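Under this note's numbering, the sequence shown has 812 at position 379, and the numbering climbs by one with no breaks. From the three backbone atoms N, C-alpha and C, an ideal C-beta is built for every residue, glycine too. Note that the structure is a prediction, hence the values are computed from the model and not measured.
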Amino acid sequence: MKDKRLHILYISQYFPPEIGATQTRAFEMASHLVRMGHRVTVLTEFPNHPKGVIPPAYRFKLFMRETHSGIDVIRTWVYVRPNKNFWNRIYFYLSFMILSMIIGILMCKKIGVVYATSPPLFVALSGFMIGLVKGIPFVMEVRDLWPESAVILGELQNPMFIRISEKIEKFLYRRAVRIVGVTEGIVKGLKERSVSKDKIELIYNGANVDLYRPGERNISLLNRLGISPSSFTIMYTGLHGLMHGLEFVIHAANDLRNESDIKFIFIGEGVRKAYLIDLARRYRLKNTLFLESLQEVDLPQYIRSFDIGLVTTKKLPFCRGTLPVKMFTYMACEKPVLLCVDGEARHIVENSKAGIYAEPENKGQLIQAIHHLKKSKRLCREMGKAGRKFVVTHFSRRQMAKELENILMEIV
């Protein structure tokens with residue numbers, strides 16, 4: 434069994450060069466599986482996220498085939514619009530589901546197992562159909578309990594579509610040979626949905642500890658950004674979405690406006706970014722800086738150049754089961770974590786002594802935590818070193834890929 438080599442069809446609607454946690458997880462899992470000797474075909478969309486615009490090189494085509502780091506990548510056309518209203522999102526999801534299903538059935542030969550990551554839930558439906566037609570196992574990865582999370586955040590309000598989505602969700606949970614949850618909270622949610630514990634697996638998010646490493650600050654980078662090297666910098670990287678509740682951070686920045694050496698840096702995109710920028714502009718803040726998303730290879734030098742890594746979510750029950758990837762990348766770079774996420778993430782940060790906790794959406798506690806960290810560079814260094822050690826030991830992406838390999842080898 435140890436010598437068996439698999440051909441894995443990995444379906445992920447999002448994939449590099451798009452930027453984000455989903456894209457990174459899919460690429461790193463696939464590339465590690467290739468290094469282990471397996472053949473991996475990734476079925477994904479034409480790049481368009483988050484702006485909803487397909488690059489010129491991919492336009493007027495139905496699909497394209499590429500190779501990245503030994504991964505066979507098949508990209509399909511999707512219906513995209515910059516305006517992501519309800520129906521545009523539905524057409525976006527359905528177009529990928531239909532085309533990926535057709536291409537997966539017709540073009541992906543000698544596949545041994547289908548691994549589909551969701552949400553979107555329709556990705557898993559495509560994976561199920563491909564597995565059914567080809568007579569091979571279908572494994573479903575659940576990164577979020579959808580549609581529940583979308584309903585709570587107000588992203589999904591159409592009653593008919595909610596009912597249909599819930600039926601699809603239950604159907605897929607029954608039909609998958611294995612279901613991989615990425616947090617303990619998701620695993621708990623699967624069990625509450627009466628999914629057999631025998632088919633549930635847990636493979637956490639983590640960090641590429643070879644890419645995200647400690648190092649010296651890039652002073653020239655700080656100068657280009659107009660940030661004094663003597664400033665105390667709090668960075669937020671990643672999606673500026675509804676669930677992240679970043680508005681209270683801007684309110685905190687307003688309260689700290691007279692402490693001119695404290696700076697907030699936001700790196701990334703998302704549906705709330707324009708509002709956050711406008712809010713900072715209305716406050717006339719000079720202590721906030723918003724940057725566009727960075728390619729994965731460029732992000733570590735930014736993280737190494739700032740002092741504190743900020744992680745936030747809204748104060749909602751389902752957020753207690755989230756493990757934001759940014760938390761692990763900060764830790765891997767030996768940066769202390771200022772965590773505004775309760776539950777599972779808080780347990781990891783406090784047990785590893787990698788940072789401190791402030792209540793989500795609590796401006797006062799956030800400011801207090803910033804002042805506490807600012808007073809002690811020694812404490813920050815100790816937290817950073819503890820975080821790096823913990824991630825290398827428990828949350829290396831290489832280790833997670835090995836766990837996935839073991840699951841796939843067992844069922845094929």
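Between residue 647 and residue 821, is the Cβ-Cβ spacing less than 8 angstroms?
Here residue 647 corresponds to residue number 214 of the sequence shown, with the count starting at 1. Here residue 821 corresponds to residue number 388 of the sequence shown, with the count starting at 1. Contact: yes.
Local Cβ density within 10 Å of residue 465, reported as buried at 16 or more and exposed below that:
The sequence position of residue 465 within the sequence shown is 32, counting from 1. Per the 10 Å Cβ criterion, buried.
Taking C-beta to C-beta, are residue 623 and residue 546 nearer than 8 angstroms?
Counted from its first residue, the sequence shown places residue 623 at position 190. Counted from its first residue, the sequence shown places residue 546 at position 113. It is not a contact, given that the beta carbons lie outside the stated cut-off.
Name the DSSP beta bridge partners of residue 458, please?
By one-based count along the sequence shown, residue 458 stands at place 25. According to DSSP, residue 458 bridges with nothing at all.
Same chain, Cβ closer than 6 angstroms to residue 791, five either side skipped, listed in chain order
Position 358 of the sequence shown, counting from 1, holds the residue named residue 791. Taken in chain order, the residues that qualify are 773, 798, 799, 802.
Collapsed DSSP secondary structure at residue 755 in the structure displayed
Your numbering for residue 755 matches position 322 in the sequence shown. Three-state DSSP puts residue 755 in coil, outside helix and strand.
Might you give, ordered along the chain, the residues of its own chain that have their beta carbon closer than 6 angstroms to the beta carbon of residue 685, omitting 5 neighbours on each side?
By one-based count along the sequence shown, residue 685 stands at place 252. The answer, listed in chain order, is 796, 799, 800.
Which parts of the stretch 679 to 708 are runs of the alpha helix (DSSP H), unbroken and 4 residues or longer, counting only runs that do not cross its ends?
680 to 688
I'd like the ranges of any alpha helix (DSSP H) spanning at least 4 consecutive residues and lying wholly in the stretch 733 to 819.
758 to 765, 777 to 785, 796 to 808
Assuming residue 605 is part of the alpha helix (DSSP H), what are its boundary residues?
Residue mapping note: residue 605 aligns to position 172 of the sequence shown, counting from 1. Per DSSP, residue 605 belongs to the alpha helix (DSSP H) from 592 to 608.
Using three-state DSSP, classify residue 840 as helix, strand or coil.
Here residue 840 corresponds to residue number 407 of the sequence shown, with the count starting at 1. Residue 840 falls in the helix class under three-state DSSP.
Under the three-state reduction of DSSP, which class applies to residue 505: helix, strand or coil?
As a position in the sequence shown, residue 505 is number 72, starting the count at 1. The answer is strand: DSSP assigns residue 505 an E or B state.
I need the boundaries of the beta strand (DSSP E) containing residue 635, first residue and last residue.
Residue mapping note: residue 635 aligns to position 202 of the sequence shown, counting from 1. From DSSP, the beta strand (DSSP E) with residue 635 extends over 633 to 635.
Are there three or more Cβ pairs, one per stretch, closer than 8 angstroms when the stretch 631 to 641 is compared with the stretch 586 to 602?
no
Looking only at C-alpha atoms, which of 711, 604, 675 sits nearest to residue 752?
Looking up residue 752 in the sequence shown gives position 319. Closest option to residue 752, Cα to Cα, is 675.
According to the neighbour-count rule (16 or more other Cβ atoms, all chains shown, within 10 Å of its Cβ), is residue 480 buried or exposed?
Sequence index remark: in the sequence shown, residue 480 carries index 47 (1-based). So residue 480 counts as buried.
Those residues which DSSP pairs with residue 498 across a bridge:
Sequence index remark: in the sequence shown, residue 498 carries index 65 (1-based). For residue 498, which the question treats as bridged, DSSP gives the partners 507.
Are residue 718 and residue 687 close, meaning C-beta to C-beta below 8 angstroms?
Counting from one through the sequence shown, the residue named residue 718 turns up at place 285. Counting from one through the sequence shown, the residue named residue 687 turns up at place 254. Yes, these two residues count as a Cβ contact at 8 angstroms.
Compute the Euclidean distance between the alpha carbons of residue 439 and residue 550, then round it to the nearest angstrom.
Counted from its first residue, the sequence shown places residue 439 at position 6. Counted from its first residue, the sequence shown places residue 550 at position 117. The alpha-carbon atoms of residue 439 and residue 550 are separated by roughly 18 angstroms.
Verify whether the separation of the beta carbon atoms of residue 700 and residue 724 is less than 8 angstroms.
Taking the first residue of the sequence shown as 1, we reach residue 700 at position 267. Taking the first residue of the sequence shown as 1, we reach residue 724 at position 291. Going by C-beta atoms, residue 700 is nearer than 8 angstroms to residue 724.
Boundaries of the alpha helix (DSSP H) in which residue 614 is found, first to last residue:
Here residue 614 is taken as the residue at index 181 of the sequence shown, counted from 1. Not the alpha helix (DSSP H): residue 614 falls in the beta strand (DSSP E), residues 611 to 614.
How about residue 744 and residue 770: are their beta carbons less than 8 angstroms apart?
The sequence position of residue 744 within the sequence shown is 311, counting from 1. The sequence position of residue 770 within the sequence shown is 337, counting from 1. Yes.
Within 10 Å of its beta-carbon, does residue 562 have 16 or more other beta-carbons around it, so buried, or fewer, so exposed?
In the sequence shown, the residue the question calls residue 562 occupies position 129. Classification for residue 562: buried.
Proximal residues to residue 606 (C-beta, below 6 angstroms), its chain only, five neighbours per side dropped:
Reading the sequence shown from its first residue, position 173 is the one you call residue 606. Hits under 6 angstroms: 628.
What are the boundary residues of the beta strand (DSSP E) that residue 667 is part of?
Mapped onto the sequence shown, residue 667 falls at position 234. Start and end: 665 to 670.
Measuring CB atoms only, is the stretch 648 to 663 touching the stretch 731 to 746, in the sense that at least three cross pairs come out at less than 8 angstroms?
yes
Have a look at residue 517 and residue 523 and give me their C-alpha separation to the nearest angstrom.
Here the question's residue 517 lines up with position 84 in the sequence shown. Here the question's residue 523 lines up with position 90 in the sequence shown. Straight-line Cα distance between these residues: approximately 9 angstroms.
Just to confirm, are residue 841 and residue 585 a CB contact at a threshold of 8 angstroms?
Here residue 841 refers to the residue found at position 408 when the sequence shown is read from its first residue. Here residue 585 refers to the residue found at position 152 when the sequence shown is read from its first residue. The answer is no: Cβ separation not under 8 angstroms.
Whether residue 621 touches residue 673 by CB criterion (8 angstroms):
Start at 1 with the first residue of the sequence shown, and residue 621 comes out as number 188. Start at 1 with the first residue of the sequence shown, and residue 673 comes out as number 240. No, the pair does not count as a contact, with Cβ atoms beyond the cut-off.
According to DSSP, what are the bridge partners of residue 548?
One-based indexing of the sequence shown puts residue 548 at position 115. Answer by DSSP bridge pairing, in chain order: 443, 572.
Status (buried if at least 16 other CB within 10 Å, exposed otherwise) for residue 482
The residue given as residue 482 occupies position 49 in the sequence shown. Buried, by the Cβ-count rule.
In chain order, what residues of the same chain have a beta carbon less than 6 angstroms from the beta carbon of residue 825, not counting five sequence neighbours either side?
Here residue 825 is taken as the residue at index 392 of the sequence shown, counted from 1. Closer than 6 angstroms at the Cβ level, and outside the excluded window around residue 825, lie 642.
One question on the structure: do residue 526 and residue 553 come within less than 8 angstroms of each other, judged by their Cβ atoms?
Taking the first residue of the sequence shown as position 1, residue 526 is located at position 93. Taking the first residue of the sequence shown as position 1, residue 553 is located at position 120. Contact: yes.
Drop a sphere of 10 angstroms on the beta-carbon of residue 604, count the other beta-carbons inside from all chains shown, and report buried for 16 or more, exposed for fewer.
Position 171 of the sequence shown holds residue 604. Answer is exposed; the Cβ neighbour count stays below 16.
Could you check which residue in 804, 644, 779, 530 has the C-alpha nearest to that of residue 829?
Locating residue 829 in the sequence shown gives position 396, counting from the first residue. It is 644 whose Cα lies nearest to the Cα of residue 829.
Roughly how many angstroms lie between the CA atoms of residue 609 and residue 510, to the nearest whole one?
If you number the sequence shown from 1, residue 609 lands on position 176. If you number the sequence shown from 1, residue 510 lands on position 77. Roughly 26 angstroms between the two C-alpha positions.
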